[in-house]
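Novice:
Residue numbers (the numbering used here): 35 to 460.
1. Three-state secondary structure (DSSP) at residue 186?
2. Taking the runs of the beta strand (DSSP E) that are 3 residues or longer, which of them lie wholly in the stretch 354 to 425?
3. Can you tell me whether residue 317 is buried or exposed? The criterion is at least 16 other CB atoms within 10 Å of its CB, across all chains shown.
4. Could you pull the start and end residues of the beta strand (DSSP E) that residue 325 belongs to?
5. Does DSSP put residue 268 in a helix, in a strand, or in coil?
6. Does residue 247 come out as helix, strand or coil in the three-state DSSP assignment?
7. Is the stretch 238 to 245 close to the stretch 294 to 304, with three or more CB pairs under 8 Å?
8. Have a look at residue 138 and residue 148 and give me their C-alpha separation to the nearest angstrom.
9. Among 395, 277, 79, 254, which residue has its Cα nearest to the Cα of residue 110?
10. By DSSP, does residue 227 sit in helix, in strand, or in coil?
11. Tell me which same chain residues have a C-beta within less than 7 Å of the C-beta of residue 176, skipping the five on either side of it?
12. Check residue 148 in the structure and name its three-state DSSP category.
13. Identify, in the order they occur along the chain, each residue of the same chain with its Cβ nearer than 8 Å to the Cβ of residue 135, setting aside the five sequence neighbours on each side.
14. To the nearest angstrom, report how far apart residue 313 and residue 346 are at their CA atoms.
15. So, with DSSP's three-state summary, where would you put residue 192?
16. Exposed or buried, residue 304, counting other C-beta atoms within 10 Å across all chains shown (16 or more means buried)?
17. DSSP beta-bridge partners for residue 321?
18. According to DSSP, is residue 84 helix, strand or coil?
19. For the alpha helix (DSSP H) holding residue 332, just list the boundary residues, first then last.
20. Determine, using beta carbons only, whether residue 422 and residue 447 come nearer to each other than 8 Å.
21. Can you tell me whether residue 225 is buried or exposed? The criterion is at least 16 other CB atoms within 10 Å of its CB, across all chains shown.
22. Using the Cα positions of residue 380 and residue 265, report the straight-line distance between them to the nearest angstrom.
23. So is residue 342 buried or exposed if we call it buried at 16+ other beta carbons inside 10 Å?
24. Output the boundary residues of the beta strand (DSSP E) element that contains residue 447.
25. Quick one: what does DSSP say residue 351 is sitting in, helix, strand or coil?
26. Taking the straight line between their C-alpha atoms, what separation do you get for residue 329 and residue 247?
27. Could you tell me the boundaries of the alpha helix (DSSP H) in which residue 198 lies?
28. Would you call the stretch 356 to 367 in contact with the stretch 381 to 399, where contact means no fewer than 3 C-beta pairs closer than 8 Å?
29. With a threshold of 8 Å on Cβ separation, who are the neighbours of residue 189 within its own chain once the five nearest residues in sequence on each side are excluded?
30. Which stretch, first to last residue, makes up the beta strand (DSSP E) that contains residue 432?
31. Give a yes or no on contact between the stretch 410 to 417 and the stretch 281 to 297, applying the rule of three or more CB pairs nearer than 8 Å.
32. Check this for me: beta carbons of residue 326 and residue 385, under 8 Å apart or not?
33. Report the rounded CA-to-CA distance for residue 308 versus residue 275, giving the unit in angstroms.
34. Taking only the alpha-carbon atoms, compute the straight-line gap between residue 197 and residue 92 and give it to the nearest angstrom.
35. Can you name, in chain order, every residue of its own chain whose Cβ lies under 8 Å from the Cβ of residue 195, other than the five neighbours on each side?
36. Quick one: measure Cβ to Cβ for residue 365 and residue 249, integer angstroms, because I've assumed they're closer than 8 Å.
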């Protein structure tokens, strides 16, 4: 005997349809819809055969009776043999329905209310056909329309072939109108539910798209882009830009597997992203193992020089702690500068939000000229931070594109400021 785990799972089937699956499984939902369709076809086939038998028993409209019985039997056979051959089922069901309407109009005329089924034969198939159905189904539909229209026209000129009692015609008319009404109500309910489901899916997809957009762009910029405002370019007078570059990461990447390198970088970048999001500053991009953020780009989120400085020390602490835990000598060099720049969205297919100007270049050069484990800032950033931060002046250095400039290392908040921040945090 096979072990219990190796036995195939039992599948609940009905009319050849696999009904296994959870309620929220789209394939299970499709299976239930297919089951409803087949049960409806089965019911219609049985009713068709029953009506045909009643007509023969009463010796009324023998031609229509034979057609009803034949069509019902064909639909029953097709129900169990066609399985997933939807095109064949569509053709037989629709052409069969059109022929029944035509024979009914020929045999008993329009007094029995068959015109309502003629309208359904013409009106319903376009609702169930999609672009994927191709020319074959459109051809079948055109044939059905031609049959019904021809029968309607001829019924106006040719008298009924069979004479049914007035009370029978009245009862049949009532049944036909009631049946057509039930079909229309059912179709309305199905299409209403389909529309609601489609609207929910569109809303969910829109939410996903908006989340992706706000992950790439600042929220105010994303809103402007959704309003088709393009190009987007803004000049800012005072933005604090920070570059943080990894120390010893190149050596680590050269001596380890790619998966290990990417996993470590992901740990670091995920943590940096959370820090930036929590502090309300904008991550601009990552370049290799370098991380770039800017504060003060949007009034809604704030994030000035002090916020960037706090973020810098939090990033240093995280990397130092991570290095101790995994036994690696990794560190960061950080450069910060405050000044004017231009920000905007560039690109067509893979657009991105970026910043340009001397402020960006100076921040990058400050990082390159800095020291591992230290925050290297410009005089402009020191002035923006104010007296609440301790700095260590550095001898003037030459920065590419900026000449000889005075810089300093940021040591942290001044004791009074640190105490006040601690009290505020409590």
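The beta-carbon is built from N, C-alpha and C at its ideal position, and this holds for glycine as well. Just so you know, these numbers come straight off a predicted model, no measurement behind them.
Specialist: Checking against the coordinates, here is how it stands:
1. Of the three classes helix, strand and coil, the one that applies to residue 186 here is helix, per DSSP.
2. Listed in chain order, they are 365 to 380, 386 to 390, 409 to 412.
3. The residue in question, residue 317, is buried, as its Cβ has 16 or more Cβ neighbours within 10 Å.
4. Taken as a continuous stretch (DSSP letters only), the beta strand (DSSP E) holding residue 325 covers 324 to 329.
5. Here DSSP, grouped into helix, strand and coil, assigns residue 268 to strand.
6. Of the three classes helix, strand and coil, the one that applies to residue 247 here is helix, per DSSP.
7. No contact exists between the stretch 238 to 245 and the stretch 294 to 304.
8. Linking residue 138 to residue 148 through their CA atoms gives a straight-line distance of about 7 Å.
9. Closest option to residue 110, judged by alpha-carbon separation, among 395, 277, 79, 254: 79.
10. It is helical.
11. If we look at residue 176 and ignore the five residues flanking it on each side, it has no Cβ neighbours.
12. Coil at residue 148, not helix or strand.
13. So the qualifying residues of the chain are 148, 151, 152, 155, 181, 182, 185.
14. Between residue 313 and residue 346, the C-alpha separation is close to 11 Å.
15. DSSP places residue 192 in coil when its eight states are reduced to three.
16. So residue 304 ends up on the exposed side.
17. Looking at the DSSP assignment, residue 321 forms a beta bridge with 324.
18. Helix at residue 84.
19. From DSSP, residue 332 is part of no alpha helix (DSSP H); its letter is neither H nor E.
20. Result yes, Cβ atoms of residue 422 and residue 447 sit closer than 8 Å.
21. Exposed, by the Cβ-count rule.
22. In this model, residue 380 and residue 265 are separated by some 8 Å (Cα to Cα).
23. Residue 342 comes out buried.
24. Note, residue 447: beta strand (DSSP E), 441 to 447.
25. In this structure, residue 351 counts as helix in the three-state DSSP scheme.
26. Here the C-alpha atom of residue 329 lies approximately 20 Å from the C-alpha atom of residue 247.
27. No alpha helix (DSSP H) contains residue 198, which DSSP labels as neither H nor E.
28. At 8 Å Cβ cutoff, the stretches do not touch.
29. These residues qualify, in order along the chain: 139, 140, 143, 144.
30. DSSP places residue 432 in the uninterrupted beta strand (DSSP E) bounded by 431 to 433.
31. Taking 8 Å as the limit for Cβ pairs, the verdict is that the stretch 281 to 297 does not touch the stretch 410 to 417.
32. In this structure, residue 385 does not lie closer than 8 Å to residue 326 by Cβ.
33. Between residue 308 and residue 275, the C-alpha separation is close to 18 Å.
34. Rounded to the nearest whole angstrom, the C-alpha separation of residue 197 and residue 92 is 12 Å.
35. Excluding positions up to five away in sequence, the list reads 95, 97, 140, 141, 142.
36. So it is not a contact: roughly 28 Å between Cβ atoms.
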